[in-house]
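Working notes for the structure below.
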Amino acid sequence: MRGNKILALATLFIVGFAFSGFNVPKAYAVNTVSMDPGVIGPLAPGAKFSVNIQVDYVIGLRAFEFTLSWDQSKLKLVSQNPAVEGAFLSTGGTTFFVYSEGIAGESVTVANLITTYNWVTGGGVLATITLEAIGGGYSEMSLTGRLLDKDFAEMSGITWLGGFYWSNYPFAGFTWHVPTAEELPPQDFVNVTGNTFVPVIDPDGDLGYDTGPSYWTWAPVLQLTEDTGEPEQVNIVEGGTMFYGDEIIFDASASYDLDEELPDSAFHWVIRAGGVDTFTYRGTTYDTRYESGVELPYGRVFSYTFPGDLPSVYGLYSRLLGFHDLTLTVTDSDGNKAIYYTWIRIYRLVPARTVNVQVSNPKHSLSKDGYTMTLGGKVQNRGGCSDFPWDSLTVYLELARMIHANIWIRMQFEILDSAMNPVDTVYSDAIWLQKTETPVNPIPVTWNIPSDITPGTYYVRATGWFCGSGVTYGLKARGSATTTIKILP
């Protein structure tokens with residue numbers, strides 16, 4: 001039934017208000033500081049309102065301090081005169097009034113004192129706070145503080161009573177995360193080699209990098225399943241750095257409307273690659289806008305892999321590198337809208353290349369079921385200076401060298417028949433490689449040869465897949481290496 005949530009919130013507030021001692025006669029000196037009015041709404045986003053923070057009755061008040069807090073996704077202080085001194089304390093003499101906004105815009109703290117040795121008795125307004133509604137739904141408004149007597153001692157027996165704000169507009173609650181591989185012991189290590197970078201300043205004063213001495217080190221191994229190449233466990237990480245090829249989960253399940261349950265059709269998503277609707281590259285115009293009902297679904301949650309359906313044009317990626325924008329519009333049955341807008345920063349991974357693939361024993365007999373074959377592939381993280389893709393945006397050159405050339409790489413081995421039809425696929429564990437590094441030994445994986453396989457010549461094609469999260473492996477190495485094996489009867 002429409003309005004049930006609003007009625008429930010109001011009932012809880014009124015019950016709490018009654019039990020707070022607000023209606024106890026002032027002669028009993030149960031002092032209450034409260035927000036007036038205690039219930040704000042319904043308001044549309046953009047509406048401004050003021051509340052008084054007032055004390056009902058107090059004896060010998062010289063100073064006070066309070067903090068009013070709220071959900072900063074629903075409310076914010078106005079920019080001009082958000083906190084104004086009330087008239088009550090100044091009746092006792094000259095006052096010193098100050099306020100400060102919370103660091104995240106979630107609160108305001110107000111303080112005031114009589115600068116001379118005077119005090120007031122009675123009741124009245126301590127301060128007036130003015131806010132603006134910026135989101136639908138509801139928000140509690142918490143009030144805490146202290147009252148000080150003529151000697152600046154804190155008074156006891158004071159009840160602090162806030163309130164709440166509500167709107168009949170929907171609230172768009174948005175978050176996103178990248179499924180990130182969780183490293184659990186025991187983890188293996190492999191020996192890898194690489195090259196260091198040496199900073200060089202050219203005659204024009206520009207910073208460059210030359211290849212320095214070689215080194216060897218131990219690189220960690222992330223355990224993956226052989227059949228799917230997925231990590232055995234993943235840890236959902238809120239936010240984080242995203243890379244081209246990573247899977248990103250966009251989640252608006254925190255959205256709600258106080259009047260109704262929102263259907264999937266209420267959630268409309270728009271992603272613009274590079275922050276534009278279209279992009280023209282070498283005479284061809286690409287549609288870089290992705291929208292619900294076209295490329296994207298409707299609904300609260302969906303998965304997206306950047307760069308989506310953009311064409312595999314290396315130069316095009318460079319020009320769309322960096323920022324994408326996302327707009328979520330939530331619309332209720334009355335046509336009221338909540339809009340969430342954000343920029344998403346995407347980094348491009350430095351490409352890797354497959355060096356070689358080898359088979360430890362290229363000929364096998366099928367005299368025993370479950371016979372195995374060890375496959376090995378070798379890759380190199382092409383993050384070195386001489387191989388860096390200089391066509392990318394200059395601002396990202398140093399970032400890519402220093403940080404984003406560090407990636408997880410796994411090997412995918414495809415077994416193909418003589419007509420290059422797929423027969424089986426197996427995956428290695430993933431190895432963490434920094435810029436320029438390559439494993440000393442090939443990355444191994446064991447293939448369980450099917451007992452019903454037909455004898456003959458088969459191809460093994462190895463491809464290095466890499467990513468920043470260790471989960472999605474959306475990009476592959478430049479080229480694949482292939483060798484042949486023979487299965488004998």
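Our numbering puts the first residue of the sequence shown at 1, with every later residue one more than the last. Just so it is clear, CB atoms sit at the ideal spot from N, CA and C, and this is done for glycine as well.
By the three-class DSSP mapping on this structure, what secondary structure does residue 325 have? Working through the sequence shown from its first residue, we reach residue 325 at position 325. Residue state, collapsed to three classes: strand.
For residue 291, the three-state DSSP class (helix, strand or coil): Your numbering for residue 291 matches position 291 in the sequence shown. Three-state result, residue 291: strand.
Can you find the residues in the same chain that come closer than 6 Å, C-beta to C-beta, to residue 116, ignoring five residues on each side of it along the sequence? For this step, residue 116 is matched to residue 116 along the sequence shown. 93, listed in sequence order.
For residue 258, which of helix, strand or coil comes out of DSSP? Counting from one through the sequence shown, the residue named residue 258 turns up at place 258. Residue state, collapsed to three classes: coil.
Determine the DSSP secondary structure at residue 91, reduced to helix, strand or coil. Residue mapping note: residue 91 aligns to position 91 of the sequence shown, counting from 1. Residue 91: helix per DSSP, three-state reduction.
For residue 443, the nearest candidate out of 217, 412, 249, 287 (CA to CA): Counting from 1 along the sequence shown, the entry for residue 443 is found at position 443. The shortest C-alpha separation from residue 443 is found at 412.
Would you call residue 420 buried or exposed, if buried means 16 or more other Cβ atoms sit within 10 Å of its Cβ? In the sequence shown, the residue the question calls residue 420 occupies position 420. The residue is exposed, with fewer than 16 neighbouring Cβ atoms inside 10 Å.
Grab the span of the beta strand (DSSP E) containing residue 269 for me, first residue to last. Here residue 269 refers to the residue found at position 269 when the sequence shown is read from its first residue. Its beta strand (DSSP E) spans residues 267–272.
Assuming contact is defined by CB atoms lying nearer than 8 Å, are residue 445 and residue 375 in contact in what I supplied? Looking up residue 445 in the sequence shown gives position 445. Looking up residue 375 in the sequence shown gives position 375. Yes. Within cutoff.
Taking three-plus beta-carbon pairs below 8 Å as touching, is the region 212–229 in contact with the region 277–291? no
For residue 275, which of helix, strand or coil comes out of DSSP? Numbered from 1 along the sequence shown, position 275 holds the residue referred to as residue 275. It is helical.
Pull up the DSSP beta-bridge partners for residue 140, would you. Along the sequence shown, read from residue 1 onward, the residue named residue 140 stands at position 140. DSSP output for residue 140 lists 164 as bridge partner(s).
Take residue 48 as the anchor and find which of 89, 423, 129, 153 has the nearest alpha-carbon. Position 48 of the sequence shown, counted from the start, is the residue given in the question as residue 48. Residue 48 has its Cα closest to that of 129, out of 89, 423, 129, 153.
Minimum C-alpha distance to residue 80 - residue among 431, 101, 158, 140: Locating residue 80 in the sequence shown gives position 80, counting from the first residue. If we check each option's Cα against that of residue 80, 101 comes out closest.
DSSP three-state assignment for residue 56, whether helix, strand or coil: The sequence position of residue 56 within the sequence shown is 56, counting from 1. Under the three-state reduction of DSSP output, residue 56 falls in the strand class.
Taking a contact to mean a Cβ-Cβ separation below 8 Å, would you say residue 212 touches residue 434 in this structure? Counting from one through the sequence shown, the residue named residue 212 turns up at place 212. Counting from one through the sequence shown, the residue named residue 434 turns up at place 434. Contact: no.
Spatial distance of residue 50 from residue 267 (CA atoms): As a first step, residue 50 is located in the sequence shown; it is residue number 50 there, counting from the start. As a first step, residue 267 is located in the sequence shown; it is residue number 267 there, counting from the start. If you take the alpha carbons of residue 50 and residue 267, they lie about 32 Å apart.
Count the other CB atoms, across all protein chains shown, that sit within 10 Å of the CB of residue 335; report buried if there are 16 or more and exposed otherwise. By one-based count along the sequence shown, residue 335 stands at place 335. Exposed is the call here.
Identify every residue that forms a DSSP beta bridge with residue 459. Sequence index remark: in the sequence shown, residue 459 carries index 459 (1-based). Paired residues: 416, 484.
Could you say if the region 144–159 and the region 66–85 meet the contact criterion of at least three C-beta pairs nearer than 8 Å? yes
Taking just the CA atoms, how far does residue 168 sit from residue 265? One-based indexing of the sequence shown puts residue 265 at position 265. One-based indexing of the sequence shown puts residue 168 at position 168. Looking at the two C-alpha atoms, the distance is approximately 19 Å.
If distances are taken between C-alpha atoms only, which option among 271, 300, 285, 482 comes closest to residue 294? As a first step, residue 294 is located in the sequence shown; it is residue number 294 there, counting from the start. When only C-alpha atoms are compared, the closest one is 271.
Do residue 75 and residue 165 count as a contact pair if the criterion is CB distance below 8 Å? Locating residue 165 in the sequence shown gives position 165, counting from the first residue. Locating residue 75 in the sequence shown gives position 75, counting from the first residue. In this structure, residue 75 lies closer than 8 Å to residue 165 by Cβ.
Within the same chain, show all residues whose beta-carbon is closer than 8 Å to that of residue 218, passing over the 5 residues directly before and after it, in chain order. Within the sequence shown, the letter at position 218 stands for residue 218. Excluding positions up to five away in sequence, the list reads 189, 190, 191, 192.
As assigned by DSSP and simplified to three states, the class of residue 251: The residue you call residue 251 lines up with position 251 of the sequence shown. Three-state result, residue 251: strand.
Assigned exposure category for residue 36 - 16 Cβ within 10 Å defines buried: If you number the sequence shown from 1, residue 36 lands on position 36. Per the 10 Å Cβ criterion, exposed.
CB of residue 89 within 8 Å of CB of residue 52, strictly: Residue 89 sits at position 89 when you count from the first residue of the sequence shown. Residue 52 sits at position 52 when you count from the first residue of the sequence shown. In this structure, residue 52 does not lie closer than 8 Å to residue 89 by Cβ.
For residue 486, count neighbouring C-beta atoms within 10 Å of its own C-beta (all shown protein chains included) and say buried if the count is 16 or more, exposed if not. The count along the sequence shown starts at 1 and reaches residue 486 at position 486. Residue 486 is exposed by the Cβ-count criterion.
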